[in-house]
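Asks:
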Amino acid sequence: MKLNKLGQNDYALITGASAGIGRAFAEKLASLGLNIILVARREKILNDLRISLEKQYGIHVDVIMADLTQKDGIIAVKQKIMETNSLALLINAAGFGTLGKFNHLDEKKMEALHTIHTTTPLILTHAALQILLKREQGAIINISSMEIFRPPKIGIVYSASKQYISTLTLGIRRQLRNMGASNIQMHVVYPGYTRTEFHHVGDYIGKRPFKKPKFLWTTPDQVVSATLKAVEKNKGKIIPGWINKMIRFIFGIPGVWWILKIFG
Ligand SMILES: NC(=O)c1ccc[n+]([C@@H]2O[C@H](COP(=O)([O-])OP(=O)(O)OC[C@H]3O[C@@H](n4cnc5c(N)ncnc54)[C@H](OP(=O)(O)O)[C@@H]3O)[C@@H](O)[C@H]2O)c1
Numbered sequence: 002m003k004l005n006k007l008g009q010n011d012y013a014l015i016t017g018a019s020a021g022i023g024r025a026f027a028e029k030l031a032s033l034g035l036n037i038i039l040v041a042r043r044e045k046i047l048n049d050l051r052i053s054l055e056k057q058y059g060i061h062v063d064v065i066m067a068d069l070t071q072k073d074g075i076i077a078v079k080q081k082i083m084e085t086n087s088l089a090l091l092i093n094a095a096g097f098g099t100l101g102k103f104n105h106l107d108e109k110k111m112e113a114l115h116t117i118h119t120t121t122p123l124i125l126t127h128a129a130l131q132i133l134l135k136r137e138q139g140a141i142i143n144i145s146s147m148e149i150f151r152p153p154k155i156g157i158v159y160s161a162s163k164q165y166i167s168t169l170t171l172g173i174r175r176q177l178r179n180m181g182a183s184n185i186q187m188h189v190v191y192p193g194y195t196r197t198e199f200h201h202v203g204d205y206i207g208k209r210p211f212k213k214p215k216f217l218w219t220t221p222d223q224v225v226s227a228t229l230k231a232v233e234k235n236k237g238k239i240i241p242g243w244i245n246k247m248i249r250f251i252f253g254i255p256g257v258w259w260i261l262k263i264f265g
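Okay, so the sequence shown: first residue is 2 according to my numbering, each after it adds one.
Quick look at the structure:
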């Protein structure tokens with residue numbers, strides 16, 4: 002999809018737009034002249050972002066405050082999608098992580114995590130596809146994670162939910178191609194460690210800072226830039242950054258997990 006060919010009436014709806022990867026998408030797409038619908042829970046942050054994007058780029062920005070772990074939040078966003086006939090892009094970026102072994106996880110938190118990474122993008126993708134099919138163009142970008150490429154240890158509910166969105170997205174992509182509707186693009190992004198609020202909220206609060214070697218980290222802007230380049234080429238599966246691509250390659254080598262286990 003040629004992003005610079007999108008018209009000044011076109012809209013991108015982004016969940017998780019108040020921080021991190023979702024916010025970086027909003028800022029980049031606004032700079033390309035797209036109108037934006039920002040979705041998240043934090044009202045002040047969303048409104049400040051709306052004012053700043055409208056002023057900077059002369060575009061139209063809508064805000065929806067919604068808790069996407071709750072049915073009414075999901076329905077509010079779905080309705081907005083169905084009213085937006087000039088929707089060109091949907092980006093499902095809202096999400097969070099949990100820490101702890103499965104048997105110790107709080108049931109409510111686990112259900113919320115599962116909902117926001119599976120049911121929410123499922124319903125929103127389904128609604129957006131109806132609009133994109135009518136328009137015969139557009140794209141949906143769902144955010145998965147590099148976590149799915151390795152045997153899950155602690156974050157198994159997280160990892161399973163990210164596997165779900167990957168399978169769903171690639172399955173719809175295949176169906177659309179078989180229907181001859183390849184003008185509607187489905188993409189799934191697998192970010193590795195990305196410097197956002199992710200490792201500073203929820204279960205991470207009050208824990209020791211989440212530490213991994215510097216070279217493993219990317220920025221949200223790098224994730225967005227790699228994704229938009231891949232969207233232009235209609236890649237489908239997007240692994241942002243050479244380090245993540247290399248890790249993905251290593252993870253795919255047969256027997257590598259035994260070797261990594263032996264060397265600790
Ligand atoms: N950062 C990483 O290392 C990493 C790696 C792989 C994949 N990912 C994935 O990338 C996506 C974006 O994460 P991020 O790193 O950008 O994290 P982030 O900086 O913490 O941003 C998360 C976004 O999701 C929104 N959100 C969280 N809970 C919500 C809820 N109940 N209802 C509505 N919105 C909610 C937050 O907004 P409010 O708090 O304002 O609601 C925020 O805008 C997630 O799906 C995450 O799983 C991240």
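By construction, the Cβ of each residue, glycine as well, lies at the ideal position given by its N, Cα and C atoms.
None of these values were measured; they are calculated from a predicted model.
(1) For the structure I just gave you, are there three or more beta carbon pairs, one from the region 232–247 and one from the region 40–52, closer than 8 angstroms?
(2) In chain order, what residues of the same chain lie with their CB nearer than 8 angstroms to the CB of Ser19, ignoring the 5 residues before and after it?
(3) Between Asp11, Phe150, Asn143, which has its C-alpha nearest Thr228's C-alpha?
(4) Across the region 208–223 and the region 109–126, are there enough close Cβ pairs to call them in contact, namely three or more that are closer than 8 angstroms?
(5) Measure the alpha-carbon distance for Val202 versus Gly181 and round it to whole angstroms.
(6) Considering just the uninterrupted stretch of the alpha helix (DSSP H) at Thr170, what are its terminal residues?
(7) Tell me whether Ile244, by its Cβ, gets closer than 7 angstroms to a heavy atom of ligand 1.
(8) Express the C-alpha separation of Ala67 and Lys79 in angstroms, rounding to a whole number.
(9) Any heavy atom of ligand 1 closer than 7 angstroms to the beta-carbon of Ile37?
(10) Taking only heavy atoms of ligand 1 into account, decide whether any of them is closer than 7 angstroms to the Cβ of Arg43.
(11) Find the nearest neighbour of Ala251 within the set Gly172, Leu4, Arg151, judged by alpha-carbon distance.
(12) Any idea what DSSP makes of His61, helix, strand or coil?
(13) Between Ala13 and Ile52, is the Cβ-Cβ spacing less than 8 angstroms?
(14) Closest to Thr168 by C-alpha separation, out of Glu137, Leu88, Pro122, would be which residue?
(15) Over the uninterrupted alpha helix (DSSP H) stretch that includes Val232, give me the two end residues.
(16) Can you determine whether any heavy atom of ligand 1 sits closer than 7 angstroms to the C-beta of Thr197, and answer yes or no?
(17) With a Cβ-Cβ cutoff of 8 angstroms, do Gly139 and Ile185 count as a contact?
(18) Following a CB-centred definition, is Pro221 positioned closer than 7 angstroms to any heavy atom of ligand 1?
(19) Specify the secondary structure class of Ile240 as computed by DSSP and reduced to three states.
(20) If we count Cβ pairs, one from each stretch, closer than 8 angstroms, do we get three or more for the region 20–35 versus the region 190–207?
(21) Between the C-alpha atoms of Thr85 and Asn93, what's the straight-line distance to the nearest angstrom?
(22) For Met147, verify whether its CB is less than 7 angstroms away from any heavy atom of ligand 1.
(23) Look at the alpha carbon of Ile82 and the alpha carbon of Thr126, and state the distance between them as a whole number of angstroms.
(24) With burial defined as no fewer than 16 other Cβ atoms inside 10 Å of the residue's Cβ, what is the status of Glu148: buried or exposed?
(25) For Leu4, which residues from the same chain have a beta carbon less than 6 angstroms from its beta carbon, with the 5 sequence-adjacent residues on both sides left out?
(26) Can you tell me whether Asp11 is buried or exposed, with buried defined as 16 or more other CB within 10 angstroms of its CB?
(27) Less than 8 angstroms between the beta carbons of Ala129 and Leu171, yes or no?
(28) Classify Pro192: buried if its beta carbon has 16 or more other beta carbons within 10 angstroms, exposed otherwise.
Replies: Taking the coordinates as given:
(1) no
(2) Within the sequence shown, the letter at position 18 stands for residue 19. Taken in chain order, the residues that qualify are Leu39, Ala41, Arg42, Arg43, Ile46, Leu47, Leu50.
(3) The residue you call residue 228 lines up with position 227 of the sequence shown. Nearest option by C-alpha distance: Asn143.
(4) no
(5) The count along the sequence shown starts at 1 and reaches residue 202 at position 201. The count along the sequence shown starts at 1 and reaches residue 181 at position 180. For Val202 and Gly181, the distance between alpha carbons rounds to 43 angstroms.
(6) Residue 170 sits at position 169 when you count from the first residue of the sequence shown. Residues 157–179.
(7) Position 243 of the sequence shown, counted from the first residue, corresponds to residue 244. No, the beta carbon of Ile244 sits no closer than 7 angstroms to any heavy atom of ligand 1.
(8) Your numbering for residue 79 matches position 78 in the sequence shown. Your numbering for residue 67 matches position 66 in the sequence shown. When rounded, the distance between both Cα atoms is 11 angstroms.
(9) Here residue 37 refers to the residue found at position 36 of the sequence shown. No, Cβ of Ile37 sits at least 7 angstroms from all heavy atoms of ligand 1.
(10) Counting from one through the sequence shown, the residue named residue 43 turns up at place 42. For ligand 1, at least one heavy atom lies less than 7 angstroms from the Cβ of Arg43.
(11) The residue labelled residue 251 in the question sits at position 250 within the sequence shown. One point to set straight first is that residue 251 is Ile, not Ala, in the sequence displayed. The candidate whose alpha carbon is nearest that of Ile251 is Arg151.
(12) Residue 61 sits at position 60 when you count from the first residue of the sequence shown. Coil at His61, not helix or strand.
(13) Translated into the one-based positions of the sequence shown, residue 13 becomes position 12. Translated into the one-based positions of the sequence shown, residue 52 becomes position 51. No.
(14) Counting from one through the sequence shown, the residue named residue 168 turns up at place 167. Taking only the C-alpha atoms, the option nearest Thr168 is Pro122.
(15) In the sequence shown, counting from the first residue as 1, residue 232 sits at position 231. Counting along the chain, the alpha helix (DSSP H) containing Val232 begins and ends at 221–233.
(16) In the sequence shown, counting from the first residue as 1, residue 197 sits at position 196. Thr197: yes, Cβ under 7 angstroms from ligand 1.
(17) As a working mapping, residue 139 is identified with position 138 in the sequence shown. As a working mapping, residue 185 is identified with position 184 in the sequence shown. In this structure, Ile185 lies closer than 8 angstroms to Gly139 by Cβ.
(18) To locate residue 221, count along the sequence shown from 1; it is residue 220. At least one heavy atom of ligand 1 is nearer than 7 angstroms to the Cβ of Pro221, so yes.
(19) What you label residue 240 is simply residue 239 of the sequence shown in a count that begins at 1. Looking at Ile240 - three-state DSSP - the assignment turns out to be coil, as it is neither helix nor strand.
(20) yes
(21) Working through the sequence shown from its first residue, we reach residue 85 at position 84. Working through the sequence shown from its first residue, we reach residue 93 at position 92. If I take the Cα positions, the gap works out to 16 angstroms.
(22) Reading the sequence shown from its first residue, position 146 is the one you call residue 147. Flag set: Cβ of Met147 near ligand 1.
(23) To locate residue 82, count along the sequence shown from 1; it is residue 81. To locate residue 126, count along the sequence shown from 1; it is residue 125. Whole-angstrom Cα-Cα distance: 10 angstroms.
(24) What you label residue 148 is simply residue 147 of the sequence shown in a count that begins at 1. With 16 or more other Cβ atoms within 10 Å, it is buried.
(25) Counting from 1 along the sequence shown, the entry for residue 4 is found at position 3. Closer than 6 angstroms at Cβ, skipping near neighbours: Leu33.
(26) If you number the sequence shown from 1, residue 11 lands on position 10. Asp11 is buried by the Cβ-count criterion.
(27) Taking the first residue of the sequence shown as 1, we reach residue 129 at position 128. Taking the first residue of the sequence shown as 1, we reach residue 171 at position 170. Taking 8 angstroms as the Cβ cut-off, Ala129 and Leu171 do not qualify as a contacting pair.
(28) Taking the first residue of the sequence shown as position 1, residue 192 is located at position 191. Burial call: buried.
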